[in-house]
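Okay, so the sequence shown: first residue is 452 according to this note's numbering, each after it adds one.
Here's the structure, in structure tokens; my notes come after.
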Amino acid sequence: MKIKPIRAEELTGEDSPLQSLFWARAKSILGWKPYAFEINEEQRLLLLVRRIAPLFFFAYVPFGPSGPVDLSMLSEGLKQAIDEPVFAIRYDLPFTDTAFETGGLLSLSYSIQPERTVRIDLQKPLVYRKRALRALKKCENRYTVRPYRGEPILFEQWYETYRQTALRDRFHPRSKEYFFHLLSIDEDKMVKPILLLAFGQNEVVGGVLLIEGKKETIYLAGSSTRPNVGYLLQDGAIRRTKERGGELYDLFGISNQSGYLASLDLFKTAFGGEIVKREPSLDYPTRALRYRLFTALERHRYRFSRSLQQG
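So this is what it looks like as structure tokens:
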């Protein structure tokens, strides 16, 4: 297997916006160091490395690789190509029918990224369900949607709606600084962040943060403080993607049959689309003792987080 280091600027994000220069820059604020590679002269790969404790370095591949490879062979090559002595390489494979050789990797019972999602094929006519159509009708002549254009006061107003949404829906909010950093990234010409804002009587009442790639748009975060505004924002994001020639809109995550997320599932499936699944995260351990310590702590943290969400 031929693994060639390349510059992060050479990542195209064509197969996934999470395999792009934009995402490399976005994760850097959270302490991840990006590496970029060309694999077998066929595909490009973003790998992220982070020190989580003294002598504990962890590597992660978000929604990659795009094409079929032997992941064990790839992992051995990546391990030799990076500076840090990582104790494991974790893969969240993309939503694809591609068959990967996973011998030598451990399948987890949980994932960093969603295992199920709703994806809308924008090369076909939009087919919304009745609940989405009803919600959109209720928004007529009440709200407007437009992109955020860098106005500081509007960013502050949107973040307040996001904070309120997090309290209402019981999820841990990202920091204001993280989102500001995300929206400030403009190096990547292929993948860009977009914040669509909803206004009611000149007041920000919600917004959706999107990652727009050449073919695919991913919904990353959202907020709404008025009934039905979330439907209006998603409709705006879907139509925006379709109008600019995008092929796919990903609502990025529905539950794995967990009851506390039932309302989220109903919302995201209201726009039609197809429910798709992928395998949980896969780990390639390289240092057994450190890996066992890490996963024991991670499982405890995961169970604690789920218990809080489920009340």
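Note that beta-carbon positions come from the ideal geometry of N, C-alpha and C, so glycine has one too.
Looking only at its chain, what residues have a beta carbon closer than 8 Å to the beta carbon of residue i, apart from the 5 residues adjacent to it on each side?
i	result
Glu566	Asn707, Lys728, Arg729, Glu730, Pro731
Ser562	Asp543, Pro731, Ser732
Leu684	Val596, Leu647, Ala649, Gly657, Gly658, Val659, Gly673, Ser675
Thr720	Val569, Arg580, Ile705, Ile726
Leu605	Tyr599, Leu648, Val655
Gln608	Glu654, Val655
Leu702	Thr568, Val569, Arg570, Ile571, Tyr670, Gln685, Lys719, Phe722, Gly724
Pro603	none
Within a Cβ cutoff of 7 Å, which residues of the same chain sit near residue i, ignoring the five residues on either side of it in sequence?
i	result
Arg738	Phe538
Pro624	Tyr613, Arg614, Ala617
Gly651	Arg593, Tyr594, Arg677
Val578	Gly723
Glu461	Ala487, Arg495
Leu587	Tyr682, Leu683, Asp686
Glu493	Gly518
Thr549	Gly518, Pro519
Who are the Cβ neighbours of residue i in its own chain at under 6 Å, not counting the five residues just before and after it?
i	result
Thr463	Met641
Gly811	Coverage of the chain is limited to positions 452 through 762, which leaves residue 811 absent and any answer about it impossible.
Asp466	Ser517
Glu698	Leu573, Gln574, Lys666
Leu740	none
Asp716	Ile705, Ser706
Trp483	Leu499, Arg501
Tyr765	Limits of the chain in this structure are 452 at one end and 762 at the other, which puts residue 765 out of reach.
Ser526	Ile540, Tyr735
List the endpoints of the continuous alpha helix (DSSP H) containing residue i.
i	result
Pro528	Residue identity differs from the one stated: residue 528 is Gly in this sequence, not Pro. Where Gly528 is concerned, the enclosing alpha helix (DSSP H) stretches over 522-532.
Thr692	680-694
Asp716	713-719
Glu628	627-635
State the start and end residues of the unbroken beta strand (DSSP E) segment that holds residue i.
i	result
Gly651	643-651
Ser674	667-675
Gln608	Element bounds for Gln608: not the beta strand (DSSP E) but the alpha helix (DSSP H), 603-620.
Phe488	484-490
Ala510	507-513
Lys455	454-457
Leu699	699-701
Arg580	From DSSP, Arg580 is part of no beta strand (DSSP E); its letter is neither H nor E.
Tyr735	733-736
Arg593	Premise fails: Arg593 is in no beta strand (DSSP E) and is neither H nor E.
Glu725	725-728
Strictly by DSSP, which residues pair up with residue i?
i	result
Gln494	Ile490
Ile563	Partner(s): none; Ile563 has no beta bridge.
Glu552	Asp521
Val655	Phe650
Pro468	Beta-bridge pairing links Pro468 to no other residue.
Ser558	Leu733
Tyr542	Val512, Leu733
Pro536	None, per the DSSP bridge assignment.
Arg570	Asp701, Glu725
Glu749	Beta-bridge pairing links Glu749 to no other residue.
Gly476	Residue 476 is actually Arg in this sequence, not Gly. For Arg476, which the question treats as bridged, DSSP gives no partner whatsoever.
Leu499	Pro485, Tyr511
Ala504	Phe507
Leu660	Leu646, Ala672
Thr463	Ser471
For the ligand PLP, any of its heavy atoms closer than 7 Å to the Cβ of residue i?
i	result
Ser517	Looking for the ligand PLP in the displayed structure turns up nothing, as the structure carries no ligands at all.
Am I right that residue i and residue j are in contact with their C-beta atoms under 8 Å? What's the rounded C-beta distance?
i	j	result
Ile480	Tyr629	6 Å
Ile454	Gly515	About 13 Å; that fails the 8 Å criterion.
Val512	Cys590	Going by Cβ atoms, the distance from Val512 to Cys590 rounds to 39 Å, so no, they are not a contact pair.
Leu499	Lys478	6 Å
Pro468	Ile669	5 Å
Arg458	Asp734	Actually they do not touch by this definition, with Cβ atoms about 28 Å apart.
Contact the segment 618-637 vs the segment 582-589: 3+ CB pairs below 8 Å: No contact exists between the segment 618-637 and the segment 582-589.
Stretch-stretch touch, CB-based, cutoff 8 Å, three pairs: the segment 462-478 with the segment 520-530: Three or more beta-carbon pairs separated by less than 8 Å are not found between the segment 462-478 and the segment 520-530, which leaves the two stretches without contact.
At least three beta-carbon pairs within less than 8 Å, the segment 538-556 to the segment 601-620: Counting Cβ pairs under 8 Å, fewer than three are found: no touch.
Contact the segment 647-662 vs the segment 491-507: 3+ CB pairs below 8 Å: Judged by Cβ distances under 8 Å, the segment 647-662 makes no contact with the segment 491-507, as fewer than three pairs qualify.
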